[in-house]
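Quick note: the numbering used here has the sequence shown finishing at residue 1285, numbered continuously throughout.
We put the CB at the ideal spot given by N, CA and C, even for glycine.
Only a predicted model underlies this, so the values are computations on that prediction, with no experimental measurement involved.
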Amino acid sequence: MQQAKHDDIEPAAKWQRQRGPSLQQQWFLATLLSMLPLIVAVSYALWQLNEQSHSQSRQLRDQTLLGQLSVTLRKQTEDIERAARQYQLLREDRFLTLLHQKHDKTLESLLAISLLLPLQDKTTYTETSKSLKQHLAQIIQLSESGHAPTSLDEHYRHAQQDNQKIRQTIAEAVDASLHRNRDKLDTARRHILLTSALALPATLLLLGFSSLLISRSLGKLSKAIQQLGRGQWRPAIAIEGPADLVRLGERLEWMRAELENAEQQQERLSRHITHELKSPLAAIIDANELLSEQLPGPVTREQQRVLSIQRSQANHLQELIQQLLNYNAAASVNHTPEEELDLAAVCQRLFDTYRSRYFGNAPHCTVDSGFDQIRCHPLAIEMILSNLISNALQYCDSSDTVTVRWWKTEHFWFLTVKDSGPGIPEEEQQRVFQAFEQGTVPRRGALKGSGLGLAIVKDCADSLGAQITLNSERDKGCEFTLRFSQLSQRVTD
793 MQQAKHDDIE PAAKWQRQRG PSLQQQWFLA TLLSMLPLIV AVSYALWQLN
843 EQSHSQSRQL RDQTLLGQLS VTLRKQTEDI ERAARQYQLL REDRFLTLLH
893 QKHDKTLESL LAISLLLPLQ DKTTYTETSK SLKQHLAQII QLSESGHAPT
943 SLDEHYRHAQ QDNQKIRQTI AEAVDASLHR NRDKLDTARR HILLTSALAL
993 PATLLLLGFS SLLISRSLGK LSKAIQQLGR GQWRPAIAIE GPADLVRLGE
1043 RLEWMRAELE NAEQQQERLS RHITHELKSP LAAIIDANEL LSEQLPGPVT
1093 REQQRVLSIQ RSQANHLQEL IQQLLNYNAA ASVNHTPEEE LDLAAVCQRL
1143 FDTYRSRYFG NAPHCTVDSG FDQIRCHPLA IEMILSNLIS NALQYCDSSD
1193 TVTVRWWKTE HFWFLTVKDS GPGIPEEEQQ RVFQAFEQGT VPRRGALKGS
1243 GLGLAIVKDC ADSLGAQITL NSERDKGCEF TLRFSQLSQR VTD
């Protein structure tokens, strides 16, 4: 009891030492990792939209200011011309002061325009603004020196022309800015579409990769469970991956070790029991033969009948013991060396052995051979044939027929044992290959079978990697067919 508790606590202690994430945590991380490309794509799209929004707002503000400055510059130029004409006409200092103030404000407007214009649009503006400044300076200088108004007309005209060029430059700069803005918007749209197009496959790829990593652990776990379900105790179970799956794998490994130990104990017990039974049984059979030969003294007819019953029961018990030994050895028959086997000779020997028990009332036995010899594990093939032929003879009478047939195709060879006996009911066909399972169809004679014959056939077939099928109907006989691969067993014509 203490040992059982210790074994039960040991996996829990290993679990406590685990540092890996659980299955739920791994799914969360996998989902987060898979969503990362979409998150990046959405974040990039939001950033681009935000940048475009700020750029649009900034350009709209600049364009509005440029439009206002263009109108202001035109008005300031006209104000300078008006103040200069008033000063020349009236020669009052307040008009000269006003002229200088208007000139200073005009220079400020030109500087503001220069700061707002994009760099690529400043070349033409710089030349035009320089020309305008020179003509405005000439107007002030000539006005202060008292020149006639007619001498300033040419500078007025050039100032108006420069002002018109500046307005045209500003309009062209606004149009160019709108065009560049549309190009940036188209570029941003293409980048967003490209990022989105790449994000979806990347998300699916990462999701598939993450699912593959997790499903590998689940696949190993499923394979381990199938291994236990088929009664295969090797190899040891080792699951890698999420911590809870690792813990479950450790539980399965503990179960596998316990089942393997239980089967080994069962095999040892069976060997000991059969060994202990064979020795006294051999002595009983020998004593029966001595009495039957009347070596100790005469035997009456009634005593002979009793000895016959005793001999029959002893032989049956010996056969049951041999069946039990064969059942324990069936799982390891593929470890025996391969040899050339004459199937026809084996069948004939088995026919002679089993038919001798029926004292001339045995069914008719035939062989249909498609090739002569095969290199295989002879013990396994003989055990398969022995149990199938014995099973067929036990359920057939003298009017029935038992046929053993074998043939080959390109990749497989087949072995069939068919009889014309009572058959097996459909509801029992799934159970007949289980150990100690006996059907409802009565056997010939008073002796009951062990229920191991077809289980031995199934275990031998599984050990050789063969597939066995049963085709039977009530009162129409049975047909057992085994399919073997020719890759592991060589057929000789």
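Between which two residues does the beta strand (DSSP E) holding residue i run?
i       : result
ASP1134 : 1131-1134
LYS925  : No beta strand (DSSP E) holds LYS925; the alpha helix (DSSP H) holding it covers 914-937.
VAL1159 : 1156-1161
By a C-beta neighbour count over all protein chains shown, 10 Å radius and 16 as the cutoff for buried, is residue i buried or exposed?
i       : result
PRO993  : exposed
VAL1224 : buried
ASP1078 : exposed
ILE831  : exposed
TRP839  : exposed
ASP885  : exposed
SER1007 : exposed
THR869  : buried
ASN842  : exposed
GLN848  : exposed
HIS1169 : buried
PHE1143 : buried
THR920  : buried
HIS947  : buried
GLY1089 : exposed
ARG853  : exposed
PRO829  : buried
Name the DSSP beta bridge partners of residue i, please?
i       : result
ILE1260 : LEU1274
VAL966  : Answer by DSSP bridge pairing: none, since VAL966 is not bridged.
VAL1196 : VAL1159, VAL1209
CYS1320 : Residue 1320 falls outside the range modelled here, since the chain spans only 793 to 1285, and no answer is possible.
PHE1225 : Per DSSP, none; premise fails for PHE1225.
PHE1143 : Partner(s): none; PHE1143 has no beta bridge.
PHE1204 : SER1277
Quick check: what's the CA-CA separation for residue i versus residue j?
i       : j       : result
THR856  : THR987  : 34 Å
GLN952  : ARG866  : 8 Å
ILE1065 : PRO1072 : 12 Å
GLY780  : ASP1267 : What is shown of the chain runs 793 to 1285, which leaves residue 780 out entirely.
PRO1217 : GLN1057 : 35 Å
ILE1260 : ALA1253 : 7 Å
GLU1094 : GLU1085 : 15 Å
HIS892  : TYR917  : 23 Å
ALA876  : LEU861  : 22 Å
ARG1275 : GLN1024 : 22 Å
THR1145 : GLN1102 : 20 Å
TRP1205 : GLN1165 : 12 Å
GLU1081 : LEU1087 : 9 Å
GLU1219 : GLU1265 : 11 Å
GLN794  : ARG1141 : For GLN794, the predicted structure reports a pLDDT of 41, less than 50, and the residue's modelled location is therefore unreliable. The matter cannot be settled from this model.
VAL863  : ILE872  : 14 Å
VAL1138 : LEU999  : 59 Å
GLY1269 : SER1190 : 14 Å
SER1277 : GLY1245 : 23 Å
ILE1176 : ARG1043 : 36 Å
ALA1016 : GLU1052 : 14 Å
ALA833  : TRP1046 : 48 Å
TYR879  : LEU909  : 34 Å
HIS971  : ASP978  : 11 Å
ARG850  : ASP954  : 27 Å
GLU1050 : ALA991  : 50 Å
THR915  : ALA822  : 57 Å
SER969  : LEU890  : 36 Å
VAL1098 : LEU1135 : 39 Å
ALA1238 : CYS1188 : Confidence at ALA1238 is low in this model, with a pLDDT of 47, below 50, so the placement of that residue should be treated as unreliable; the coordinate-derived value is given next. Rounded to the nearest angstrom, the two C-alpha atoms are 14 Å apart.
ALA1035 : GLY1021 : 24 Å
GLU1372 : LEU1256 : Outside the shown range of the chain (793 to 1285) lies residue 1372, about which nothing can therefore be said.
LEU1171 : GLN817  : 53 Å
SER814  : LEU1010 : 13 Å
THR898  : THR995  : 60 Å
Would you mind giving the Cβ-Cβ distance between residue i and residue j, rounded to the nearest angstrom? I have them listed as a contact below 8 Å.
i       : j       : result
THR1232 : ASP1211 : With a Cβ gap of about 17 Å, THR1232 and ASP1211 do not count as contacting.
LEU1013 : GLY1041 : 6 Å
ALA791  : ILE931  : The requested residue 791 does not occur in the structure, where the chain is confined to residues 793 to 1285.
LEU924  : ILE958  : 7 Å
PRO1155 : LEU1185 : 6 Å
THR1273 : THR1195 : Going by Cβ atoms, the distance from THR1273 to THR1195 rounds to 12 Å, so no, they are not a contact pair.
Tell me whether residue i, by its Cβ, gets closer than 8 Å to a heavy atom of the ligand NAP.
i       : result
ARG1141 : Absent from the structure shown: the ligand NAP. Ligands present: none.
With residue i as the anchor, note down where its alpha helix (DSSP H) starts and where it stops.
i       : result
ARG886  : 885-908
LEU865  : 815-882
CYS1252 : 1245-1255
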